[in-house]
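Below is one structure, written out as structure tokens; the observations come after it.
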Amino acid sequence: MAYPYQIQSLEEYKTAYQKSVEDPEGFWAGVASDFQWRKGWDKVLEWNFKEPKVEWFINGKLNITENCIDRHLQELGDKPAIIWEPNNPEDRVRVVTYNRLHKRVCQVAQMLRNNGVKKGDRVCIYMGMVPELVYAVLGCARIGAIHSVVFGGFSAQSIADRLEDAKAEFIITADGAFRGEKVIPLKNVIDDALIGNKTVKKVIVYTRTRIPVSMFKGRDIWWEDEMEYAETQVEKEGVVSFPAEEMDAEDPLFILYTSGSTGKPKGVVHTCGGYMVWTAYTFVNTFQYKRGEVFFCTADIGWITGHSYIVYGPLAAGATEVMFEGIPTWPDAGRFWDIVDKHKVNILYTAPTAIRSLMGFGLKPLEGKDLSSLKVLGTVGEPINEEAWNWYDEHIGKKKCPIVDTWWQTETGGILITNLAGVTPAKPSWATLPMPGVQPVLVDENGKEIEGSPASGNLCIKAPWPSILRTTYGDHERCRQTYFSAYENLYFTGDGALRDEEGNYRITGRVDDVLNVSGHRIGTAEVENAINMHSDVVESAVVGYPHDIKGQGIYAYVICSHIRGSEEETRKNILQTVSRIIGPIAKPDKIQFVPGLPKTRSGKIMRRILRKIAEGESNFGDTTTLLDPGVVEEIAKGKL
Ligand code: 6R9
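Here's what the structure looks like:
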């Protein structure tokens, strides 16, 4: 069964695109009417990119969980919403039907209410990939609390910063999380994050790994006890109910922190109405999802991809999806293919870094795996190189599955540029065409729009789509500065792109000081700040360099006051420091000790030169403006 707003041919795409540009309000009113609103909107859109102010479905009232769950119950109540594959393939698969999801989300909502959580309160969620994470997220949404999910790979310090920025009063976590052979001690990390914290009142702890945890009286409570009690409140004579909070379309739904070019992560804020419409619309159209098909997104819910294409988009569309707790290489590098085979996955959505890493294991892990259920493949997170694209196409899709290369960002809420599977043409390593409602432009350094094609420039968007970020939490000026001030009346993505004669886009990567390591966004300034925390470090500069599997690796140039013990020891200590401050995901791949850094007379580090050295280039361009041109040669000599 197709969805009313599903685009099914190239012609339909062209018509939809044109209508979305000529009459955005009419177009999006049409799409939004397919959702459940408590009260309709007065006006579809008001916006200016100056302040910026963007409002969609003004005065419309809804609750996103009624759209993701309740409205499906009659038809899909017994159908699986989530098929959960545990870390250990020998353990039991859990199938969560829409009925069960409804019950659990009602219980969480009740549990949160019992513990004093109210609409608008911030709840930090720090859990592994278990169904309870989805219940927690949706339980917040049901009572109108703003969730802030923090990825399990972030350190206590990172969590502490996020808790403080969001002034979160509640945390939902687990004792630990299984990831391959490792057990991540989540609750311990939370305990460290809470040293000195003054806002958090309650920590709810779900039991997953049974590793020892300390439970503080008056603050820490067990998920199981609370849920059991909540169950007696939400279920009466076999009927489950917990009335969802009525939310304004523009009420915040969640905060998700992401790195930018400054040292401090930003809390990107998305709202209820536009985000719901966009995630469902893009899910259905990009992947050409049809009712009953099995969708598998391998992302973690700690990132935007998991928010939009594990939690909200698929569930708003009443989809069936696989959720995976573990990692692609455990117990062996055939794990994804086992899952595809076992659960008859129709649509697989993963990241280029995962594809490249699995490619490295050759074809053996594919032997004996039946991948014939696959119909559509997708990628996200970073540019996909042709080699990886071809491998994915040939060995996974068997040349029968369209590949969608989806470009988007935490700030965009959902997919903005992509081909639509089997509907609009694919072009290897090109994201191709904009979604209806998305008007990309390329601008030169002076902010002038580059017309005509082929062209290359900085990628901006001309007008708002329903799930554009509304603000950065607690600091609207920062939002304006970062995204809306570089070019007048345009949203600036931070990415560079090419455009061909057909209007296809190819994203070439970040043009700011943001790295993309294994599809994870990491600001160079953040890593530098962390390195500089080490007691022997005087100064550091961090750049990206091409990495076969990660896409980009982190290269750090470090000036030390002295080296205690061996260089190797100091390196390890620096890595440990970065792990503590940000998390293991930000650990540099290479650390080179240098006597100085190439600086301009005004004291600015010339990263351009450092990037060239890290890339192994020998032509550094003009170095005459440097304070001490000699330092460049010296650094180049010591390149790792
Ligand atoms: C969804 C997500 C956003 C940055 C973005 C860009 C890069 C994402 C891409 C891609 C080329 C694609 N990016 N998808 N680059 N092709 N298909 O990844 O969000 O974590 O915020 O990262 O990722 O550089 O600006 P986020």
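Under UniProt numbering, the first residue of the sequence shown carries the number 1, and numbering increases by one thereafter.
The beta carbon of each residue, even a glycine, is placed where N, CA and C say it ideally should be.
Quick caveat: nothing in here was measured; it's all calculated off a predicted structure.
Report the three-state DSSP secondary structure of residue i (helix, strand or coil).
i           : result
P131        : helix
V284        : helix
R104        : helix
K612        : helix
W534        : Sequence inspection shows His at residue 534; the Trp mentioned does not correspond to that position. Of the three classes helix, strand and coil, the one that applies to H534 here is coil, per DSSP.
residue 641 : What is shown of the chain runs 1 to 640, which leaves residue 641 out entirely.
Y126        : strand
N48         : strand
residue 650 : Residue 650 lies beyond the range of the chain shown here (1 to 640); nothing can be said about it.
F27         : helix
F57         : strand
D161        : helix
K637        : helix
V213        : coil
V21         : helix
D70         : helix
K262        : Before going further, note that residue 262 is Thr rather than Lys in the sequence given. Coil, per DSSP.
Would you list the residues sitting across from residue i in a DSSP beta bridge?
i    : result
S540 : V558
F492 : C460
G553 : Y545
F178 : V183
M247 : L62
C272 : Paired residues: none, contrary to the question.
H307 : According to DSSP, H307 bridges with nothing at all.
I522 : L515
Y206 : A174
L626 : T600
I83  : V95, V322
I255 : S148, V269
R506 : L498
Y349 : C297, G378
L442 : L459
V240 : E235
I221 : I204
Q592 : Y557
T15  : DSSP, once it has assigned bridges, lists no residue as partnering T15.
K277 : The sequence given here places Val at residue 277; Lys does not occur at that position. In the DSSP output, where bridge partners are listed per residue, V277 has none listed.
E449 : V443
D405 : T379
T471 : V269
Can you tell me the Cβ-Cβ gap for residue i and residue j, rounded? I've got them flagged as a contact below 8 Å.
i           : j    : result
A174        : G139 : That pair is no contact at about 15 Å.
A244        : N63  : 4 Å
F287        : A421 : 6 Å
Q6          : V284 : 5 Å
V578        : K587 : 5 Å
L610        : P598 : 7 Å
T271        : D251 : 6 Å
G60         : G273 : 5 Å
residue 647 : I146 : Because the chain spans 1 through 640 in this model, residue 647 falls outside it and cannot be assessed.
If we count the other Cβ atoms within 10 Å of its Cβ and call it buried at 16 or more, is residue i buried or exposed?
i           : result
K375        : buried
D370        : exposed
P212        : exposed
residue 654 : Since the first residue shown for the chain is 1 and the last is 640, residue 654 is missing from the structure and cannot be characterised.
D161        : buried
E540        : The sequence given here places Ser at residue 540; Glu does not occur at that position. S540 should be labelled buried.
H562        : exposed
L163        : buried
G196        : exposed
M606        : buried
M1          : exposed
G74         : One point to set straight first is that residue 74 is Gln, not Gly, in the sequence displayed. Exposed, since its Cβ has fewer than 16 Cβ neighbours within 10 Å.
I107        : As written in the sequence, residue 107 is Gln, which differs from the Ile given in the question. Burial call: buried.
L377        : buried
**Message:** With three or more C-beta pairs closer than 8 Å as the rule, is the region 91-105 touching the region 347-358?
**Reply:** no
**Prompt:** Are the region 293-302 and the region 475-492 in contact at 8 Å, needing three or more beta carbon pairs?
**Reply:** no
**Request:** Tell me, please, whether the region 633-640 touches the region 583-594 by the rule of three or more beta-carbon pairs shorter than 8 Å.
**Result:** yes
**Request:** Check whether the region 121-137 touches the region 314-327, counting contact only when three or more Cβ pairs, one atom from each stretch, lie closer than 8 Å.
**Result:** yes
**Request:** Mind the definition here: the region 423-437 touches the region 476-483 only if three or more C-beta pairs lie below 8 Å; say whether that holds.
**Result:** no
**Asked** With a cut-off of 8 Å, do at least 3 Cβ pairs link the region 616-626 to the region 561-571?
**Response** no
**Message:** Would you call the region 260-272 in contact with the region 512-531, where contact means no fewer than 3 C-beta pairs closer than 8 Å?
**Reply:** yes
**Meets three-Cβ-pair contact criterion under 8 Å: the region 388-395 and the region 462-472** = no
**Request:** Could you say if the region 545-556 and the region 498-516 meet the contact criterion of at least three C-beta pairs nearer than 8 Å?
**Result:** yes
**Asked** Touching or not, the region 304-315 and the region 332-340, by the rule of three or more beta carbon pairs under 8 Å?
**Response** no
**Asked** Any contact of the region 14-29 with the region 48-55, i.e. 3+ C-beta pairs under 8 Å?
**Response** no
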